[in-house]
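Engineer: In my numbering, each number is its position in the sequence shown, counted from 1, plus 208.
Each residue gets a CB set at the ideal place from its N, CA and C atoms; glycine is no exception.
Sharing a structure here in structure tokens format.
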Amino acid sequence: MKKLISLFIVAAMLAAVLVLATGCGKKTRSLADIKASGKLVVYTEAGFAPFEFVSGGKVVGVDVAICGEIAKAIGVELEIKDVNFDTILGAIKSGKCDMGAAGITITDERKEEVDFSAPYTTSKQYIVVAADNTTVSTLGTMAGLKIGVQQGTTSDFIISDAIDGTEDDDGKHVKGELEGTGATVSGYKSPNDVVPLLLSGKIDVLVTDKLPAEMIAKNNADTLKCFELFYDDGTATDESYGVAVAKGNAELLAVIDTVIAQLIADGKIDEYIVYYSNEVTADE
Ligand code: ARG
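Structure (structure tokens):
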């Protein structure tokens, strides 16, 4: 009897661990599941124009347009949810959403967590500073400054690595360009949240992706300016955006890749970028 009870306890514990590991019982939805439910659930962070932003109470932008085409190809409705950027990959892994579309840079670290579509556009890291700033140029010139980034983004990783240093393959510390200079990094929900802090001087520099930086500079043309971020050795950053799905969700990924290839071939992605870059200005 005792044996039976302990066996039961072990089984219950195992089940609990399994449920936790798979994200509270939810699991990745296959293409068939998505079709049957009639909707494709996509997570994004909508403070990143022109890729995703709120206009007229709705989330719109380049990524939303791409997702609309993907939903159409599957034959379902598109449901977009605006969340914190650094929760998107976790939500994909736990099956809370089917896809992440948020100007997500394809990186080797992220590839360990999710599968990516083919790249649909490229980007670079940009610096936004006060229009009258004359001291900031390369990464190293941000020594001692207060730097704002969007939490959990590649901008965050690059600046945090520069401040904290990194480790080489042997676990040896590699000094960062900004290490020991007094430079600090603060993470925010969206790059837009840094704009008032830049204007009031509470933050000296915003680092974010190219088009969002250009958008912010354009909308604050008298007070802010932006330019590309270069390391002090003259090298630049180079990133590609992909749509993310749960690892192994190959049927869904195949549809996504077909749609993206077609959109690129038709010049649609560039069209969306021009359209949504202008819509934000028109709205403000
Ligand atoms: N490309 C950057 C990254 O993947 C920033 C993306 C931020 N996207 C957003 N929708 N807020 O880390």
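Please list, in chain order, all residues of the same chain as residue 353 whose beta carbon is under 7 Å from its beta carbon, the five residues on each side excluded.
Structural biologist: Only 391, 412, 413 meet the Cβ criterion.
Engineer: Cα separation between residue 344 and residue 319?
Structural biologist: Approximately 33 Å between the Cα atoms of the pair.
Engineer: Quick one, are the C-beta atoms of residue 407 and residue 374 less than 7 Å apart?
Structural biologist: It is not a contact, given that the beta carbons lie outside the stated cut-off.
Engineer: Kindly confirm or deny that the stretch 422 to 430 and the stretch 291 to 311 touch, where touching means at least three C-beta pairs closer than 8 Å.
Structural biologist: With a cut-off of 8 Å, the stretch 291 to 311 and the stretch 422 to 430 do not count as touching, because too few Cβ pairs lie within range.
Engineer: From what residue to what residue does the beta strand (DSSP E) around residue 414 run?
Structural biologist: Per DSSP, residue 414 belongs to the beta strand (DSSP E) from 413 to 417.
Engineer: Could you name the residues that DSSP lists as bridge partners for residue 358?
Structural biologist: 396, per the DSSP bridge assignment.
Engineer: Given the structure, does residue 310 come close to the ligand ARG, in the sense that its CB is under 6 Å from one of the ligand's heavy atoms?
Structural biologist: True, at least one ligand heavy atom lies under 6 Å from that Cβ.
Engineer: Name the DSSP bridge partner or partners of residue 290?
Structural biologist: Paired residue(s): 252.
Engineer: Compare the beta carbon distance of residue 418 and residue 363 with 7 Å and say whether it is the shorter of the two.
Structural biologist: For residue 418 and residue 363, no; Cβs fall outside 7 Å.
Engineer: Per DSSP, residue 337 forms a beta bridge with which residues?
Structural biologist: 433.
Engineer: Use the C-beta contact count for residue 333: other C-beta atoms within 10 angstroms, 16 or more gives buried, fewer gives exposed.
Structural biologist: The residue in question, residue 333, is buried, as its Cβ has 16 or more Cβ neighbours within 10 Å.
Engineer: From the DSSP output, in three-state form, read off residue 230 for me.
Structural biologist: For residue 230, the predicted structure reports a pLDDT of 48, less than 50, and the residue's modelled location is therefore unreliable. A value from the coordinates is still provided. Residue state, collapsed to three classes: coil.
Engineer: Checking 7 Å against the spacing of the C-beta atoms, do residue 282 and residue 463 come in under that value?
Structural biologist: Contact: yes.
Engineer: Is it buried or exposed for residue 479, if we count other Cβ within 10 angstroms and need 16 for buried?
Structural biologist: Exposed, since its Cβ has fewer than 16 Cβ neighbours within 10 Å.
Engineer: Let's test the definition: count the other Cβ atoms within 10 Å of the Cβ of residue 470 and tell me whether it reaches 16, buried, or not, exposed.
Structural biologist: Exposed.
Engineer: In whole angstroms, what is the alpha-carbon distance linking residue 361 and residue 415?
Structural biologist: The alpha-carbon atoms of residue 361 and residue 415 are separated by roughly 10 Å.
Engineer: Buried or exposed: residue 445, going by 16 or more other Cβ atoms within 10 Å of its Cβ?
Structural biologist: Residue 445 should be labelled buried.
Engineer: What does DSSP give as the partner residues of residue 267 in its beta bridges?
Structural biologist: The partner list for residue 267 (beta bridge, DSSP) reads 262.
Engineer: Using CA atoms only, rank isn't needed, just tell me which of 311, 287, 312 is closest to residue 304.
Structural biologist: The shortest C-alpha separation from residue 304 is found at 287.
Engineer: Once the 5 residues before and after residue 235 are set aside, which same chain residues still bring their CB inside 8 Å of it?
Structural biologist: Answer for residue 235: 303, listed in chain order.
Engineer: Output the boundary residues of the beta strand (DSSP E) element that contains residue 448.
Structural biologist: Per DSSP, residue 448 belongs to the beta strand (DSSP E) from 447 to 449.
Engineer: Please report the distance separating the alpha-carbon of residue 451 from that of residue 267.
Structural biologist: The alpha-carbon atoms of residue 451 and residue 267 are separated by roughly 17 Å.
Engineer: Please name the residue in 269, 243, 315 whose C-alpha comes closest to that of residue 255.
Structural biologist: Considering only alpha carbons, the answer is 269.
Engineer: Can you say whether residue 457 is buried or exposed, counting buried as having 16 or more other CB atoms within 10 angstroms of its CB?
Structural biologist: Result: buried.
Engineer: Decide if residue 399 is buried, meaning its Cβ has at least 16 other Cβ atoms within 10 Å, or exposed.
Structural biologist: Buried, by the Cβ-count rule.
Engineer: Report the residue ranges of all alpha helix (DSSP H) runs contained in full by the stretch 291 to 337; include only those spanning at least 4 residues, in chain order.
Structural biologist: If we require 4 residues or more, the alpha helix (DSSP H) runs fully inside the stretch 291 to 337 come out as 296 to 301, 316 to 319.
Engineer: Do you know how far the Cα of residue 214 is from the Cα of residue 376?
Structural biologist: Roughly 47 Å separates the two Cα atoms.
Engineer: Taking the straight line between their C-alpha atoms, what separation do you get for residue 231 and residue 453?
Structural biologist: Residue placement at residue 231 is poorly supported in this model, since its pLDDT is 46, which falls under 50; the coordinates still yield a value, given next. C-alpha separation (whole angstroms): 15 Å.
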